[in-house]
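Data block below; observations after.
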Amino acid sequence: MEGRGQILIVSTLIIMAMLLATSLLLSGTVMLRLKLPESKFRSTILEITYSSRSALAIALADVSKRLSYKAETHLYQNYTDLDDYPEAEAGGYEILDKWLLDTLERYPALGVALNISEPKFTCKWGGLDGRGYSKAETSISIDITSEGFRGFRQQIEIELNATVGRLIETDGEETAFELLMMRERGNPVGPLERPLINIYFEIYDRTNDHRYMNKTSVASVRYIGDGRHLVTYSTHLGNITGNLDELRAEVSAIPEENFTGSKEELLNLIDDVKSTYLDGKRLDAWSKLLSEVRPRLDHSSPLCIVTPETETGGLLRLIDLILSQLRPWIRVVARDNRGITVSAYGELKELEGDILGPYIKRATADPSLITPGGEATISCMADDLWNGNSTITSVELFITNTTSPPSQPLYGSGIEMNPVDGALDESMEWVEAPIYPGQLSPGVNYLWIHAQDSEGNWGEFEVLEVRLIEDSTLRIESLELVGHYDYWWFWRYNWVTATVTITDIYGNPIEGVTVHGYWSGDVSGEEERITDEYGRCTFNSPIIWGWTPHTYTFTVDNV
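Now the structure itself:
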């Protein structure tokens with residue numbers, strides 16, 4: 052009996068030791084990173100896809116930077132198109148080749164077969180319409196032989212657009228204008244900081260028929276939303292009235308005997324140009340200076356009224372400067388936060404009458420995910436208040452599968468949107484329209500919305516993205532639990548974050564999905580979140596104070 056008692060005591064001690072070891076193990080692991088099982092190939096494909104977009108953006112940044120450096124050395128008179136300098140693409144190819152090799156080396160055990168098509172780089176900066184863009188396109192294909200997964204294909208596009216907008220005000224020395232910056236899929240870019248924008252002011256030397264760029268100082272950049280920036284620059288070349296005064300003084304200093312015509316008439320014309328400008332008739336002042344003043348000092352003109360021996364080269368250069376200030380042509384060189392460079396060239400024009408169409412603001416799709424049998428309501432505001440204050444007469448939308456807006460011949464043939472108040476009779480109108488699954492293609496669809504005012508002006512497009520889910524099936528791609536702790540004085544507090552990733556049946560991340568879940572174990576509570584562009588949303592557990600181990604469980608019960 053004594054031996055049995057000893058055995059019983061030893062057994063009890065062993066069991067207690069095992070329980071203690073188990074308790075210590077749990078206390079050491081309960082706060083460590085936990086991850087529910089997931090299909091490895093899905094997360095691998097998502098990682099490669101996200102990585103490819105970043106790599107393509109870096110490649111385009113390198114290509115556009117090289118082109119910009121080359122163009123800058125020629126004052127942007129040349130090399131405003133990649134066709135002029137194809138060597139700039141070399142760095143972009145090298146970056147993507149390195150990315151491809153690094154990616155393959157990252158997944159040696161999975162048997163990843165990754166191919167990328169030859170990228171197409173495009174930089175169009177030489178147009179005269181104030182628009183320019185830099186763009187890169189490629190496609191990737193992924194096979195994972197170890198998982199028996201084949202056939203994943205995706206088109207990748209990266210783009211940056213710049214549009215020189217309307218002239219706000221100018222005195223020749225300081226000029227304020229609107230700059231619109233957009234990226235792929237019609238998404239706005241901003242705010243951009245002042246060092247990311249350079250402005251070149253063009254002076255047209257009519258004597259030598261040569262245009263040259265003068266780099267300005269960017270005084271301020273203010274972001275006003277929707278990709279629009281108010282930019283102010285200084286030429287450091289004097290203002291228009293001061294330069295006209297200088298021109299008058301220089302002409303007055305020419306001896307009377309050097310004139311073959313009326314000196315007084317020429318001085319009166321210069322005064323007339325100044326008064327016309329001060330009356331707010333900028334283009335009329337430009338026309339008078341060009342057609343009436345300059346020829347009288349130009350020896351090559353039959354209207355010249357000074358002797359051939361009279362030196363007027365400096366006067367003509369001053370006149371050309373004033374003409375350039377009265378009708379400013381500029382080149383914008385801008386870089387976004389990804390390092391991509393874009394340039395645009397055009398004339399700054401103020402509103403002269405109602406020549407601009409309405410803006411589209413606050414466009415929404417509710418919901419942005421549509422399933423068979425469902426529908427979405429598209430809503431927006433058409434606003435012409437600041438673009439002529441004319442009545443809105445039409446708002447329409449187009450549905451496409453491309454990131455390019457409809458062409459002008461299609462204007463007026465889109466899906467009509469209806470005024471919320473029952474009538475289109477104001478310069479600001481809320482409108483809406485229903486969209487049904489039968490109008491959409493499976494996957495991503497782009498809705499292009501624009502409006503027309505009573506003067507016949509169509510405004511710029513605003514774009515929305517909606518997705519059609521083929522069979523209403525959303526997948527919980529992954530659920531990650533990560534433990535955290537911190538201290539307040541000597542007290543320790545603990546919590547856990549749960550990150551949920553939602554995809555469609557093809558593994559594509561879905562933005563805008565409402566995810567509901569609840570906590571259990573040693574904590575409780577329920578929460579609801581909406582997924583971001585990567586299909587992810589994060590939940591935080593309630594805080595528990597103390598050093599003892601705890602159990603955290605998070606359950607997704609509705610998507």
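Residues 52 to 610 in the working numbering are what the sequence shown spells out, letter by letter. For each residue, glycine too, the CB sits at the ideal point set by N, CA and C. Computed from a predicted structure; not experimentally measured.
Contacts around residue 488, its chain only, beta-carbon distance under 8 Å, and the 5 residues preceding and following it disregarded = Cβ neighbours of residue 488 beyond the five flanking positions: 421, 422, 423, 424, 425, 426 and 519.
How about residue 622 and residue 294: do their beta carbons lie closer than 8 Å?
-> Given that the chain is displayed from residue 52 to residue 610, the structure contains no residue 622 and the question cannot be resolved.
Does the distance from the C-beta atom of residue 133 to that of residue 189 stay below 8 Å?
-> No, the pair does not count as a contact, with Cβ atoms beyond the cut-off.
Find the nearest neighbour of residue 527 within the set 552, 533, 283 and 171, judged by alpha-carbon distance.
-> When each option's Cα is compared against that of residue 527, the closest is 552.
Three-state secondary structure (DSSP) of residue 503 | Three-state result, residue 503: strand.
Taking all protein chains shown into account, do 16 or more other C-beta atoms lie within 10 angstroms of the C-beta of residue 480, making it buried, or fewer, making it exposed?
-> Residue 480 is buried by the Cβ-count criterion.
With a cut-off of 8 Å on the beta carbons, I'd call residue 225 and residue 185 a contact; round off their distance for me.
-> A Cβ-Cβ separation of about 29 Å leaves residue 225 out of contact with residue 185 under the 8 Å criterion.
Around the C-beta of residue 538, are 16 or more other C-beta atoms found within 10 angstroms, so that it is buried, or is it exposed?
-> Here residue 538 is exposed, its C-beta having fewer than 16 other C-beta atoms within 10 Å.
Who are the Cβ neighbours of residue 461 in its own chain at under 8 Å, not counting the five residues just before and after it?
-> Contacts found: 449.
Determine the burial state of residue 435: buried for a count of at least 16 other Cβ atoms within 10 Å of its Cβ, exposed for fewer.
-> Buried, by the Cβ-count rule.
Does DSSP put residue 89 in a helix, in a strand, or in coil?
-> Summary for residue 89: the model assigns pLDDT 45, below 50, so the residue's position carries little reliability, and this model does not support an answer.
Just curious, the beta strand (DSSP E) that residue 394 is in, first and last residue?
-> 392–398 is the span of the beta strand (DSSP E), which, as asked, contains residue 394.
Taking all protein chains shown into account, decide if residue 244 is buried (16 or more other Cβ within 10 angstroms of its Cβ) or exposed.
-> Counting Cβ neighbours within 10 Å, residue 244 comes out exposed, since fewer than 16 surround it.
Would you call residue 114 buried or exposed, if buried means 16 or more other Cβ atoms sit within 10 Å of its Cβ?
-> If you draw a 10 Å sphere on the C-beta of residue 114, you find 16 or more other C-beta atoms in it, and that means buried.
List the residues that DSSP assigns as beta-bridge partners of residue 361.
-> Partner(s): none; residue 361 has no beta bridge.
Report the residue from 214, 564 and 547 whose alpha carbon sits nearest the alpha carbon of residue 572.
-> Considering only alpha carbons, the answer is 547.
What first and last residue would you give for the alpha helix (DSSP H) that runs through residue 534?
-> Following the DSSP letters along the chain, one finds residue 534 in no alpha helix (DSSP H) but inside the beta strand (DSSP E) bounded by residues 526–539.
In terms of DSSP beta bridges, what is residue 591 paired with?
-> Per DSSP, the beta bridge partners of residue 591 are 548.
DSSP beta-bridge partners for residue 225?
-> 285.
Could you check what DSSP says for residue 80 in three-state terms: helix, strand or coil?
-> At residue 80, the pLDDT of 46 sits below 50, so the modelled position is not reliable; the number obtained from the coordinates is stated separately. Judged by DSSP in its simplified three-state form, residue 80 adopts helix.
Rounded to a whole number of angstroms, what is the C-alpha to C-alpha distance between residue 357 and residue 313?
-> Cα to Cα, the separation comes out at about 9 Å.
Can you tell me whether DSSP reads residue 462 as helix, strand or coil?
-> Coil, per DSSP.
Where the beta strand (DSSP E) through residue 615 begins and ends = The requested residue 615 does not occur in the structure, where the chain is confined to residues 52 to 610.
Burial state of residue 128 (16 or more Cβ within 10 Å) = Exposed is the call here.
Ignoring anything shorter than 4 residues or poking outside the region 173–238, list the alpha helix (DSSP H) runs there in chain order.
-> Taken in chain order, the complete alpha helix (DSSP H) segments of 4 or more residues contained in the region 173–238 number zero; there are none.
Under the DSSP definition of a beta bridge, which residues are partnered with residue 411?
-> Its beta-bridge partners are 433.
What's the C-alpha gap between residue 228 and residue 274?
-> Rounded to whole angstroms, residue 228 to residue 274 spans 12 Å at the Cα level.
Looking at the unbroken alpha helix (DSSP H) that takes in residue 301, where does it start and where does it end?
-> From DSSP, the alpha helix (DSSP H) with residue 301 extends over 291–303.
Hey, quick one: how far does the alpha helix (DSSP H) through residue 339 stretch, first residue to last?
-> It spans 333–339 - the alpha helix (DSSP H) in which residue 339 sits, taken as one unbroken run.
Reference residue 324, options 303, 351 and 296, closest by Cα | Closest in C-alpha terms to residue 324, from the list 303, 351 and 296, comes 296.
Around the Cβ of residue 387, are there at least 16 other Cβ atoms within 10 angstroms (buried) or fewer (exposed)?
-> Buried.
Given 8 Å, three or more beta-carbon pairs between the region 367–383 and the region 406–420 | The region 367–383 is not in contact with the region 406–420.
Which listed residue (545, 248 and 103) has its alpha carbon closest to that of residue 152 = Ranking 545, 248 and 103 by Cα distance to residue 152 puts 103 first.
Does the beta-carbon of residue 197 have 16 or more other beta-carbons within 10 angstroms, so that it is buried, or is it exposed?
-> Result: exposed.
Assigned exposure category for residue 557 - 16 Cβ within 10 Å defines buried | Flag for residue 557 reads exposed.
When you compare only the Cα positions, how much space is there between residue 271 and residue 291?
-> So the alpha carbons of these two residues sit roughly 21 Å apart.
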